[in-house]
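Q: Residue numbers (the working numbering): 91 to 636. Quick one: the structure is below, and I'll ask about it shortly.
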């Protein structure tokens, strides 16, 4: 039994941010404990100044479970709580049914988690979903961690009542400040609690989901693959799809343009095995970090730490020379042999349509699996809006910086779910001169080839409110002077409307569109109606509504 001494400090209570009101336990006791910005409420257990790590600490990390224990000793205050999957799920749970839903009935991993998620979405509900029991596996499953923009904000420490624009601002700040990883001993790494050796590996024991009817099989959709560049030695982490090909075999479908695809091709050129670790389950801020587009010499593991706001703790793998995030839920180790490849797909894509089969793709031979004793499997429905939102912030950041270079008065960038968080962009600017709206639109288009349509509005339009954006188009836009089209431009081959050099063929090209819905910069234009600012600032709904 590990023993840990804990220092003294005092702050807040409940599994929530210290800025919210304290919770009471069922016994009526109120206690305040801040664990590195997040806090936990416990009941019916007294913890002294010296606490048992495998008792108290593990309970703290399991705040997403139903256990409630009350810590009465004021000496627990300075305990550091690592950010991980379960700390985030626990925080979402404490915010109530809008942020968390529990499924106690057993679910079939073939379609059922996705149908539950999509039925909730049909009711405009996007909570984190925890399925306690999945048929064929002993592990619970969580999904929808990126279900809506508010959950993205929660991952970055932005309160639900803060403006949505604060989420992108927080992301840009943290992405710009990567943190080096921190190595820890295996005794301090929960992912090492259970080790499954190569002879005992059986991927079918994980609750891997078959997501859509025409998918070619079961896919790990939100695992992070960590590999090492054979030339520079820099570690790369990326999120790809991995189809189960056997009890110890996983497909690895790389986009050739992504860093992981480049690294895999280099190993093939060198005729060397590529060692890899595929980890599943971590804090969503860390996962977003794997989607950031940086230079090849910057490790995404450091970006993950920047977005977490703390260094990513890592531990040595069992069978490969690749570090494993210590607070991951599951880590799958193995190698890709360039001489052995497989095929992949069809696969339900973020567009809401099936993507074509791919051949050949990498094949990972699993050499070990490590996991927590009570590991939680994380899944992502690729045809649900959470797939779109998972990568939204990194693309919004790229667009924002591109527009800012040409138009310094840009006030916001938003990629709506209605455009798959890839194809449509809303940009708001404080317009200074004629033509600036189109300039901002052109800058946005150059940020990423997937972008197909840019709508530019004035800074008094809330770009997160599509009704206001459409109102701006309806009242300020005239197609003969405010519309710009660029045909035969590089786009996304996954967009079903894309075409080839012969328009009747499919291909990677789109016709780009800029809609300038800004008001004239110098000419008179009717003034929009809005309440006096002092009245707006003075009225607080909580003061008026019963």
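For glycine and all other residues, C-beta sits at the position ideal for the given N, C-alpha and C.
(1) Under three-state DSSP, which class holds residue 372?
(2) For the alpha helix (DSSP H) that residue 493 lies in, which residues bound it at each end?
(3) In its own chain, which residues sit with a C-beta less than 7 Å from the C-beta of residue 528, not counting the 5 before and 5 after it?
(4) Look at the alpha carbon of residue 188 and the alpha carbon of residue 237, and state the distance between them as a whole number of angstroms.
(5) List in chain order: all unbroken alpha helix (DSSP H) runs of 4+ residues lying wholly within the region 366-426.
(6) Could you pull out every residue in the same chain whose Cβ sits closer than 6 Å to the Cβ of residue 345, ignoring the five residues on either side in sequence?
(7) So, are the CB atoms of residue 370 and residue 412 less than 8 Å apart?
(8) Excluding the 5 residues flanking residue 520 on each side, which residues of the same chain have their C-beta closer than 7 Å to its C-beta?
(9) Let's test the definition: count the other Cβ atoms within 10 Å of the Cβ of residue 480 and tell me whether it reaches 16, buried, or not, exposed.
(10) Counting C-beta neighbours from all protein chains within 10 Å, is the total for residue 523 16 or more, i.e. buried, or is it exposed?
(11) Measuring CB atoms only, is the region 545-561 touching the region 505-519, in the sense that at least three cross pairs come out at less than 8 Å?
(12) Shortest alpha-carbon distance to residue 299 belongs to which of 233, 613, 490, 451?
(13) Taking three-plus beta-carbon pairs below 8 Å as touching, is the region 298-314 in contact with the region 364-383?
(14) Along the chain, where does the beta strand (DSSP E) containing residue 574 start, and where does it finish?
(15) Where residue 637 and residue 478 are concerned, what is the direct C-alpha to C-alpha distance, given to the nearest angstrom?
(16) Using DSSP's beta-bridge definition, name the partner residues of residue 600.
(17) So what does DSSP say about residue 338, is it helix, strand or coil?
(18) Below 7 Å CB to CB, which residues in the same chain sit around residue 334 once its five sequence neighbours on both sides are set aside?
(19) Quick check on this structure: which residue in 435, 629, 609, 456 has the alpha carbon closest to the alpha carbon of residue 568?
(20) Could you tell me the distance, in whole angstroms, from the CA atom of residue 249 to the CA atom of residue 210?
(21) Using 10 angstroms around the beta-carbon of residue 471, count the other beta-carbons present and answer buried if the total reaches 16, otherwise exposed.
(22) Classify residue 619 as buried or exposed, calling it buried when 16 or more other Cβ atoms lie within 10 Å of its own Cβ.
(23) Compare the C-alpha of residue 485 against each of 467, 495, 514, 459 and name the closest.
(24) When DSSP labels each residue in this structure, what does residue 554 get in the three-state scheme?
(25) With residue 452 as the anchor, note down where its alpha helix (DSSP H) starts and where it stops.
(26) By how many angstroms is the C-alpha of residue 526 removed from the C-alpha of residue 617?
(27) For residue 216, is the beta carbon positioned less than 7 Å from some heavy atom of the ligand MN?
(28) Out of 338, 382, 194, which has the shortest C-alpha to C-alpha gap to residue 454?
(29) Counting along the chain, where does the alpha helix (DSSP H) carrying residue 205 start and finish?
(30) Starting from residue 300, follow its DSSP beta bridges and name the residues at the other end.
(31) For the region 380-396 against the region 255-275, do three or more pairs of beta-carbon atoms, one drawn from each stretch, fall closer than 8 Å, so that the two count as touching?
(32) Which residues in the same chain as residue 559 place their Cβ atom closer than 7 Å to its Cβ, once the five residues preceding and following it in sequence are excluded?
(33) Return helix, strand or coil for residue 233, following the three-state DSSP convention.
(34) Please confirm whether residue 230 and residue 220 have their CB atoms less than 8 Å apart.
(35) Give the DSSP-derived three-state secondary structure of residue 250 in the structure shown.
(36) With three or more beta-carbon pairs closer than 8 Å as the criterion, would you say the region 456-475 touches the region 589-604?
A: By the coordinates alone:
(1) coil
(2) 482-496
(3) 574, 604, 606
(4) 11 Å
(5) 374-379, 390-398
(6) 351
(7) no
(8) 499, 501, 549
(9) buried
(10) exposed
(11) yes
(12) 233
(13) yes
(14) 573-580
(15) The structure shown has nothing for residue 637, since the chain only spans 91 to 636.
(16) 579
(17) coil
(18) 293, 298, 307, 308, 340
(19) 609
(20) 23 Å
(21) buried
(22) exposed
(23) 514
(24) coil
(25) Premise fails: residue 452 lies in the beta strand (DSSP E), 448-461, not in any alpha helix (DSSP H).
(26) 20 Å
(27) Because no ligand of any kind appears in the structure shown, any question about the ligand MN cannot be addressed here.
(28) 338
(29) 202-212
(30) 200
(31) yes
(32) 516, 545, 547, 551, 553
(33) strand
(34) yes
(35) coil
(36) no
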